[in-house]
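In what follows, a single structure is set out as structure tokens and then discussed.
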Amino acid sequence: MKIGILGQGRWGKTIKKLLEENHFKPLSFHHTDTDWKEKLDCLCVVIPVQHVRETLSHFPHPQCPVISLSKGLEVSTGKRVTEIIKDIWKNAKVGALSGPNFSEEISAGLPAASVVAAEEENLGKFFQNIFHSKRFRVYRSTDLIGVELGGALKNIYAIAGGLCYGLKLGENAHASLLTRSLSEMTRLGIAAGGKAETFFGLSGVGDLLLTASSMKSRNFRLGTRLASGIPLNEATSLESSVIEGLPTTLSVQRSFLFSKQKKPIADEIYRILYENKKIHESVLDLLERQVGEED
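Be aware that the sequence shown starts at -16, since it is given in the numbering used here, and climbs by one per residue.
Pasting the structure below:
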């Protein structure tokens, strides 16, 4: 089987290593390699979300199943990566892989789990058989919307987790924040057509717990830096890779669909990032919100 990997960043290289350990010989493509030299059986898209549309527009349809391993939403449209893929490559068979996966740990051979999603069960099994191994357990879902949104939305709440940690608000506050963040994620996901149960799996709560609690997360680190008083421009410049929580926050705020949903935490993260609201004011506003039944 010939598997192509479009994207040669850290995550792309990790995926290549993972596939090699599964006895495949994946072919890596740079965004400038605009012609497929060989017929592929599967293509992995592993590039920053905001560059997916432009990059794919320069490539011919690969005529094979395409799986996204990128997490986020396109700012200009609010679309998920598989939606962008289908915009460019009409009738493409698409799927997504998402979960609590730090690339450095997977590269080091540490155990991890993830989920592949495809609306067609047989396509999901196809992707599952490619990625699953003894140390990288891959589960399967038909909820493509929910799996992709879990991986995208958690970026916003990872920034919130970093703010909470950086402000030294305590472990009680952190646990409460993550719980309410999961509630928001689930609410937004259902509004978009995802299933509630998906957000209680690896691509939802699993990814949230990991990235909203660890300094290995770029979004979490951004939150801690902002909490320490570092300006946003300076805080982002300290990262060599894209901080997907920034465009995802903007995309959610611009979305007509999401604008009708209750999302106080995401709203405050937007105000901090894009309206220069003081962090302590956002914290107070969240704490002083009217309480009701838990949802």
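We put the CB at the ideal spot given by N, CA and C, even for glycine.
Restricting to Cα atoms, I'd like to know which of the options is closest to residue i.
i, options, result
"T232", "T(-3), S197 and K246", "K246"
"L165", "G55, C147 and L191", "L191"
"T65", "V188, L132, N112 and L1", "L132"
"N138", "L56, R123 and V121", "L56"
"N105", "I67, A135, P48 and S53", "P48"
"P43", "G228, L136, S234 and E21", "E21"
"K261", "L209, E222, D278 and V274", "L209"
"T15", "R237, H41 and I226", "H41"
"K76", "Q33, C25 and I89", "C25"
"G228", "R170, E277, G134 and H263", "G134"
"S81", "Q33, K73 and L127", "L127"
"P230", "D70, F7, F239 and L136", "L136"
"P45", "F12, T162 and K54", "F12"
"V274", "R201, R163 and A179", "R163"
"I89", "D70, M168, T181 and W(-6)", "W(-6)"
Quick check: the Cα distance between residue i and residue j, rounded to an integer number of angstroms?
i, j, result
"I336", "G153", "Here the chain has residues from -16 to 278 only, and residue 336 is not among them."
"P94", "R118", "5 Å"
"P31", "E271", "37 Å"
"A91", "S59", "36 Å"
"K0", "F109", "19 Å"
"Y257", "D250", "10 Å"
"G61", "Q(-9)", "25 Å"
"Y253", "S220", "19 Å"
"E187", "N5", "Reading off the sequence, residue 187 comes out as Gly, not Glu. For G187 and N5, the distance between alpha carbons rounds to 26 Å."
"S265", "I255", "8 Å"
"K(-15)", "S211", "48 Å"
"T125", "F241", "22 Å"
"D263", "L23", "Looking at the sequence itself, residue 263 is His, so the reference to Asp does not match. The straight-line gap from Cα to Cα measures roughly 52 Å."
"N259", "K(-4)", "37 Å"
"E328", "K54", "An answer regarding residue 328 cannot be provided, because it is not within the stretch -16 to 278 covered by the chain."
"V7", "G107", "The amino acid occupying residue 7 in the given sequence is Phe; Val does not appear at that position. Cα to Cα, the separation comes out at about 18 Å."
"K151", "R170", "28 Å"
"D278", "A179", "12 Å"
"S234", "I67", "14 Å"
"K199", "I113", "27 Å"
"G184", "V130", "9 Å"
"Q33", "E276", "38 Å"
"Q111", "L161", "29 Å"
"R201", "F239", "28 Å"
So, at 8 Å on beta carbons, what are the nonlocal neighbours of residue i in its own chain, with the 5 sequence-adjacent residues on each side left out?
i, result
"G206", "A141, I142, A143, G144, G145, L146, C147, Y148 and G149"
"F203", "A141, I142, G144, G145, Y148, T194, A195, S196 and S197"
"E3", "P9"
"K243", "A174"
"R237", "V58 and G61"
"G189", "G82, P83 and A96"
"M168", "L132, G133, L136, K137, Y140, F182, G187 and L191"
Keeping to the same chain, check which residues put their C-beta closer than 6 Å to that of residue i; ignore five residues upstream and five downstream.
i, result
"Y122", "V98"
"S51", "V28, V64, T65 and A79"
"P225", "Note that residue 225 corresponds to Val in the displayed sequence, not to Pro. Hits under 6 Å: P31."
"W72", "H44"
Might you give, ordered along the chain, the residues of its own chain that have their beta carbon closer than 7 Å to the beta carbon of residue i, omitting 5 neighbours on each side?
i, result
"D268", "E251"
"I(-2)", "I(-12), C27, V29 and L52"
"K69", "A75 and V77"
Is any heavy atom in the ligand MG found nearer than 7 Å to the beta carbon of residue i?
i, result
"K8", "As for the ligand MG, it is missing from this structure, which has no ligand bound."
Any chance the region 22 to 42 sits against the region 96 to 107, with 3 or more Cβ pairs inside 8 Å? Judged by Cβ distances under 8 Å, the region 22 to 42 makes no contact with the region 96 to 107, as fewer than three pairs qualify.
Could you check whether the region 193 to 203 touches the region 82 to 90, counting it as contact only if at least three pairs of C-beta atoms, one from each stretch, sit closer than 8 Å? They touch, by the three-pair rule.
Evaluate the contact criterion for the region 109 to 117 versus the region 169 to 182: three or more CB pairs, one atom per stretch, below 8 Å. The region 109 to 117 is not in contact with the region 169 to 182.
Within the region 34 to 77, note down every full beta strand (DSSP E) run reaching 3 residues or more, in order along the chain. Entirely contained in the region 34 to 77, the beta strand (DSSP E) runs reaching 3 residues are, in chain order, 49 to 51.
At which residue ranges does the region 78 to 150 contain complete beta strand (DSSP E) runs of 3 or more residues, listed in the order of the chain? Look at the region 78 to 150 and you find these whole runs of beta strand (DSSP E), each 3 residues long or longer: 95 to 100 and 119 to 124.
Is the region 154 to 163 touching the region 206 to 225, taking contact as three or more C-beta pairs under 8 Å? The count of Cβ pairs closer than 8 Å, one atom from the region 154 to 163 and one from the region 206 to 225, stays below three, leaving the stretches out of contact.
Which residue spans inside the region 192 to 251 form an unbroken alpha helix (DSSP H) run of at least 4? List check, alpha helix (DSSP H) in window: 201 to 210, 215 to 220, 228 to 237 and 239 to 242.
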